[in-house]
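Let me begin by presenting the structure, written as structure tokens, before commenting on it.
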Amino acid sequence: MSDNQLEHNAVYRQKKIVEILKMLHEGGSFDEAKAIFDETFSSVDVSEITSAERALIATGLNPMEIQHLCNVHAAVFKGKISDDQTTDAVQEQPGHPVQAMKLENLIITSLLKDELLPCLKKWQQSGTDDQYLVRIKRALKDLATIDHHYARKENTIFPLMDKYGITAPPKVMWGVDDKIRGLIATANKLVNQEPLPDKYEIEAAIEAVNQEVVEMIFKEEQIMLPMINEVFTASDWGLIASESDDIGYTLIAQPLPWRPSAAEIAQDAAQPKKVPAIAAELNEAAQALAAQEDLARLAKKPAAKKVASKTTVTPETLAKPTIDPKIKADKIAAFKAGLSPEEAAAGRPEWTKMAPAQTPNMEYERTKLQIDASGLAEISFNNGTLSLAELTGIFKILPLDLTFVDANDNVAWFSDDGHRIFPRTKAVVGRAVVNCHPPKSYDKVKKILDDFHDGVRDQAEFWINFRGIMAYIRYFAVHDEDGNYAGCLEVSQDITKIQQLEGEHRLDSDD
Amino acid sequence: MTQKIDLDMTVYELVQAVPEIVPIMVDMGLDGVTNPAMLKTAGRFMTLRKGAQMKKIPLDKLTASIEAAGFEVEKHE
Numbered sequence: 072m073s074d075n076q077l078e079h080n081a082v083y084r085q086k087k088i089v090e091i092l093k094m095l096h097e098g099g100s101f102d103e104a105k106a107i108f109d110e111t112f113s114s115v116d117v118s119e120i121t122s123a124e125r126a127l128i129a130t131g132l133n134p135m136e137i138q139h140l141c142n143v144h145a146a147v148f149k150g151k152i153s154d155d156q157t158t159d160a161v162q163e164q165p166g167h168p169v170q171a172m173k174l175e176n177l178i179i180t181s182l183l184k185d186e187l188l189p190c191l192k193k194w195q196q197s198g199t200d201d202q203y204l205v206r207i208k209r210a211l212k213d214l215a216t217i218d219h220h221y222a223r224k225e226n227t228i229f230p231l232m233d234k235y236g237i238t239a240p241p242k243v244m245w246g247v248d249d250k251i252r253g254l255i256a257t258a259n260k261l262v263n264q265e266p267l268p269d270k271y272e273i274e275a276a277i278e279a280v281n282q283e284v285v286e287m288i289f290k291e292e293q294i295m296l297p298m299i300n301e302v303f304t305a306s307d308w309g310l311i312a313s314e315s316d317d318i319g320y321t322l323i324a325q326p327l328p329w330r331p332s333a334a335e336i337a338q339d340a341a342q343p344k345k346v347p348a349i350a351a352e353l354n355e356a357a358q359a360l361a362a363q364e365d366l367a368r369l370a371k372k373p374a375a376k377k378v379a380s381k382t383t384v385t386p387e388t389l390a391k392p393t394i395d396p397k398i399k400a401d402k403i404a405a406f407k408a409g410l411s412p413e414e415a416a417a418g419r420p421e422w423t424k425m426a427p428a429q430t431p432n433m434e435y436e437r438t439k440l441q442i443d444a445s446g447l448a449e450i451s452f453n454n455g456t457l458s459l460a461e462l463t464g465i466f467k468i469l470p471l472d473l474t475f476v477d478a479n480d481n482v483a484w485f486s487d488d489g490h491r492i493f494p495r496t497k498a499v500v501g502r503a504v505v506n507c508h509p510p511k512s513y514d515k516v517k518k519i520l521d522d523f524h525d526g527v528r529d530q531a532e533f534w535i536n537f538r539g540i541m542a543y544i545r546y547f548a549v550h551d552e553d554g555n556y557a558g559c560l561e562v563s564q565d566i567t568k569i570q571q572l573e574g575e576h577r578l579d580s581d582d
Numbered sequence: 011m012t013q014k015i016d017l018d019m020t021v022y023e024l025v026q027a028v029p030e031i032v033p034i035m036v037d038m039g040l041d042g043v044t045n046p047a048m049l050k051t052a053g054r055f056m057t058l059r060k061g062a063q064m065k066k067i068p069l070d071k072l073t074a075s076i077e078a079a080g081f082e083v084e085k086h087e
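Top to bottom, those sequences are chains D and E.
Letter by letter, the first sequence follows residues 72 to 582 of my numbering.
Letter by letter, the second sequence follows residues 11 to 87 of my numbering.
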């Protein structure tokens, strides 16, 4: 082909892409656009799409629609964009978490390189043209949704890395994610400030954002992915995929559902990951650590045994106090003594008080498992009996998000009504709770748990504005029926509506 | 004899072979290298070439600073 023909071809392709994008943009049929796309192209380069996008903007496309356009790109060109980083055919399947992550990174890169930075430059040169400032604001607002991208990584991928003993990189990376969130918030604040701060201040803020975001994309794709690919199995990716939709995506449509094929899972089983040097070494370290923990646990065992009464239903994992029961009893006693009757009366509800063991009640019936008439297990509490199905239903409907962290500070369980305020994923179950928080809150979480263990505090509460809702988050020390520390219950609640309640709505009110 | 630095060697191997390289990496902004837990994990996937790319440092500039520190850069032709 002559240069002329090549050029012609490139121009033709470009024209077709613009045509498709334009058609979609004007509300044309998605299927029709997809059909035109499929018959024209076998694959498209990222640069072709982004330059088509620029061409569209140049022809007068409303820049406010950029996000919509990004979503459309993602849907139509899904799986058709050639990427020189191609590693693994499976991971290029539509809907695979790696594919979704890379697609987001592509869009984020384009948002920075093709919209935010050019607009910033033109705005500075133009002097007074507010049109560019409007576009900068819009782009920064879109960029703030990178939170979904990071939250998915932090809540689905990090816990699994942790499970495989790769603990330092997620911690470091989470710290940088938080830094980036802060930089984006600062930039957003600056461009919306009245009066507008100095242009150079805005430029510096946006450039800092750009640099860190671009660097993070590099780290995710060039360091983190190769690293986790050495240890993650097809089932791991399946778990990640299944928990991703709830957390959400950044500037792309929700990907197609993806599940590992039976063959892929079987392959993992037949041919376990060729435990590479890294995993082998990490496993050793992890096992050494686990052995230490077991030793510590064994050392405490006799004491633990004594308190774990045979009527207790809790699995053994729950009854592992890690501090000397004597010291703890003393501390609890001191703590209780420190509680004046006034304080107790001042709104400490009955149910937050410690277990009834300290105030013996002859009538009290310990919780136990029993078999009902039809042979099904049910749990008999002091105040009644619940079947497992009822218990499951109650936890599902409870208008609170519960997370229980056991006496060893590992996440044991969380309730799931389908829309939690803070994402929790199955991958966190069994992991150390401190690794499920951003590094900046590590010390605070640790302190609360230590106080709970030591019995010097039995609750903590916070309320924060989170994505437009008021979240009320409480932590309670949970004790077993003998008063031993059993774990920490986190209770999160969206109280936006509750705060707005006024007047009365009684049972006998008209609806 | 001047020591040769391979831009495509993993940072993990490189630091073991040539510990004197650490300050140069820190100067580049690759400060993870000073954290042993990072070096053992992420360090096995990071190379000087990748680091330069990530930090947007031109390769000839990196080569110059390595040579200025008294090393030789391995050339893959």
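Backbone N, C-alpha and C fix where the C-beta goes; we use that ideal spot for every residue, glycine too.
Look at the alpha carbon of residue i and the alpha carbon of residue j, and state the distance between them as a whole number of angstroms.
i	j	result
L40 of chain E	A279 of chain D	17 angstroms
A276 of chain D	N555 of chain D	51 angstroms
T388 of chain D	Q338 of chain D	Low local confidence applies: a pLDDT of 36 at T388 of chain D is under 50, so the model's placement there is unreliable, with the coordinate-based value given in what follows. Their Cα atoms are separated by approximately 33 angstroms.
Q530 of chain D	Y435 of chain D	24 angstroms
E283 of chain D	R223 of chain D	18 angstroms
I323 of chain D	K93 of chain D	18 angstroms
A74 of chain E	G309 of chain D	46 angstroms
N176 of chain D	D480 of chain D	34 angstroms
Y513 of chain D	A258 of chain D	26 angstroms
E573 of chain D	Q85 of chain D	58 angstroms
K107 of chain D	Y83 of chain D	Residue identity check: residue 107 of chain D is Ile in the sequence provided, not Lys. Spanning the two alpha carbons is a distance of roughly 14 angstroms.
L72 of chain E	L187 of chain D	29 angstroms
I217 of chain D	E449 of chain D	45 angstroms
L91 of chain D	L182 of chain D	According to the sequence provided, residue 91 of chain D is Ile. The question's Leu does not apply to it. Cα-Cα distance, rounded: 20 angstroms.
E272 of chain D	G198 of chain D	15 angstroms
S306 of chain D	A340 of chain D	10 angstroms
K173 of chain D	T57 of chain E	21 angstroms
V43 of chain E	M287 of chain D	17 angstroms
K290 of chain D	K260 of chain D	27 angstroms
R437 of chain D	D443 of chain D	17 angstroms
R419 of chain D	V205 of chain D	With a pLDDT of 41 at R419 of chain D, under the threshold of 50, the modelled position of that residue is not reliable, and the figure given next carries that caveat. Approximately 51 angstroms, taken between the alpha carbons.
Q441 of chain D	K105 of chain D	59 angstroms
M244 of chain D	L231 of chain D	14 angstroms
V516 of chain D	D525 of chain D	14 angstroms
Q264 of chain D	T463 of chain D	49 angstroms
N80 of chain D	Y320 of chain D	35 angstroms
K511 of chain D	D522 of chain D	19 angstroms
D185 of chain D	N281 of chain D	12 angstroms
H220 of chain D	P331 of chain D	21 angstroms
K87 of chain D	V504 of chain D	52 angstroms
Determine the contact status of residue i and residue j, defining contact as a CB-CB distance below 7 angstroms.
i	j	result
A52 of chain E	I294 of chain D	yes
F55 of chain E	P297 of chain D	yes
A171 of chain D	P326 of chain D	yes
W534 of chain D	Y546 of chain D	no
M541 of chain D	Q570 of chain D	yes
A89 of chain E	L69 of chain E	The structure shown does not extend to residue 89 of chain E, since chain E is modelled only from 11 to 87, so the question has no answer here.
K212 of chain D	Y203 of chain D	no
P168 of chain D	A333 of chain D	no
V161 of chain D	Y235 of chain D	no
I584 of chain D	L191 of chain D	Since the first residue shown for chain D is 72 and the last is 582, residue 584 of chain D is missing from the structure and cannot be characterised.
M38 of chain E	K65 of chain E	yes
I255 of chain D	A210 of chain D	no
N226 of chain D	P470 of chain D	no
D45 of chain D	R502 of chain D	Because chain D spans 72 through 582 in this model, residue 45 of chain D falls outside it and cannot be assessed.
A557 of chain D	A478 of chain D	yes
K270 of chain D	Q196 of chain D	no
G69 of chain D	P328 of chain D	As shown, chain D starts at 72 and ends at 582. That puts residue 69 of chain D outside it, with no answer to give.
R59 of chain E	D16 of chain E	no
| For the segment 467–480 of chain D against the segment 548–566 of chain D, are there 3 or more C-beta pairs whose distance is under 8 angstroms? | As far as the Cβ criterion goes, the segment 467–480 of chain D touches the segment 548–566 of chain D, which means the pair count is three or higher.
| Given 8 angstroms, three or more beta-carbon pairs between the segment 26–40 of chain E and the segment 236–249 of chain D | The segment 26–40 of chain E, when compared against the segment 236–249 of chain D, does not touch it at the 8 angstroms Cβ threshold.
| said: If the cut-off is 8 angstroms on Cβ atoms, which residues from the segment 47–65 of chain E count as contacting chain D, listed in chain order? | reply: So the list reads A47, M48, K50, T51, A52, R54, F55, M56, K60, Q63, M64 and K65, given in the order they occur along the chain.
| task | Closer than 7 angstroms, Cβ to Cβ, to anything on chain D: give me those residues from the segment 22–46 of chain E, in chain order. | result | Of all residues in the segment 22–46 of chain E, those with a C-beta nearer than 7 angstroms to a C-beta of chain D are G42 and N45, reading in chain order.
| query | For the segment 241–261 of chain D, which residues have a beta carbon sitting closer than 7 angstroms to at least one beta carbon of chain E? | reply | So the close ones are V243.
| Quick check: the segment 231–248 of chain D against the segment 42–49 of chain E, are there 3 or more CB pairs under 8 angstroms? | At 8 angstroms Cβ cutoff, the stretches touch.
| message | Threshold first: 4 residues or longer. Then list the alpha helix (DSSP H) segments lying entirely within the segment 273–338 of chain D, N to C. | response | List check, alpha helix (DSSP H) in window: 296–300 and 305–318.
| query | Which ranges does the beta strand (DSSP E) cover as unbroken runs of at least 3 residues, wholly within the segment 538–578 of chain D, from first to last along the chain? | reply | Qualifying beta strand (DSSP E) stretches, in chain order: 540–550 and 556–565.
| field | Against chain E: residues of the segment 291–317 of chain D by CB proximity under 7 angstroms | value | Answer set for the segment 291–317 of chain D: Q293, I294, P297 and M298.
| said: What ranges does the beta strand (DSSP E) occupy inside the segment 427–479 of chain D, keeping only unbroken runs of at least 3 residues that lie completely in it? | reply: Here the runs fully enclosed are 439–442, 448–452, 455–458 and 472–477.
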